[in-house]
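What follows is one structure encoded as structure tokens, with my remarks underneath.
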């Protein structure tokens, strides 16, 4: 998708590249936005705005009926950049972006561990982010 390469690309340029009318592009993009297939946002480089500590936190929840409660509370932690329920030894995975290691420790110990149902956490620190992007969603092969 052209917008994936340049979210600011004009409808005129897209129409020229795809050899279709501008109105066709306008209608199609409007529908994709309306049905929430796409969302056009600016992606910030975390390091440029002061975030230098990244972690992947696995969370085990006991009893299991509290998983929804835990995820609901994790959604409101600003440092959470990714949140998913999963299978295996842990019930939830969370990616965190923090200013530094002290901030990271505070988020885990003061905001995640105290949530009712959090039984165990395992934190893996990412030393350096080499790629931070959505996968290329071009035609499936």
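Numbering (the working numbering), first residue to last: -7 to 133. C-beta: ideal position from N, C-alpha, C; glycine also.
Collapsed DSSP secondary structure at residue i in the structure displayed
| i | result |
| --- | --- |
| residue 89 | strand |
| residue 36 | coil |
| residue 105 | coil |
| residue 112 | strand |
Contacting residues, own chain, Cβ-Cβ under 7 Å from residue i (five flanking each side not counted)
| i | result |
| --- | --- |
| residue 38 | 89 |
| residue 111 | 52, 53, 54 |
| residue 108 | 58, 61 |
| residue 48 | 85, 87, 116, 118 |
| residue 43 | 89, 90, 91 |
Neighbourhood of residue i by C-beta distance below 8 Å, restricted to the same chain and skipping five residues each side
| i | result |
| --- | --- |
| residue 3 | 14, 17, 18, 21 |
Nearest neighbour of residue i, chosen from the options [CA to CA]
| i | options | result |
| --- | --- | --- |
| residue 53 | 78, 117, 94 | 78 |
| residue 1 | 25, 32, 12 | 32 |
| residue 96 | 55, 115, 81 | 115 |
| residue 68 | 50, 99, 43 | 99 |
| residue 71 | 81, 80, 103 | 103 |
For residue j and residue i, the rounded distance between their alpha carbons
| i | j | result |
| --- | --- | --- |
| residue 28 | residue -4 | 15 Å |
| residue 8 | residue 25 | 21 Å |
| residue 6 | residue 58 | 47 Å |
| residue 10 | residue -6 | 9 Å |
| residue 34 | residue 120 | 22 Å |
| residue 126 | residue 106 | 32 Å |
| residue 83 | residue 64 | 14 Å |
Contacting residues, own chain, Cβ-Cβ under 6 Å from residue i (five flanking each side not counted)
| i | result |
| --- | --- |
| residue 75 | 66, 86 |
| residue 45 | 90, 92, 93, 96 |
| residue 123 | none |
Could you give the uninterrupted runs of the alpha helix (DSSP H) lying entirely in the region 9 to 85, keeping only those of 4 residues or more? 14 to 26, 59 to 66
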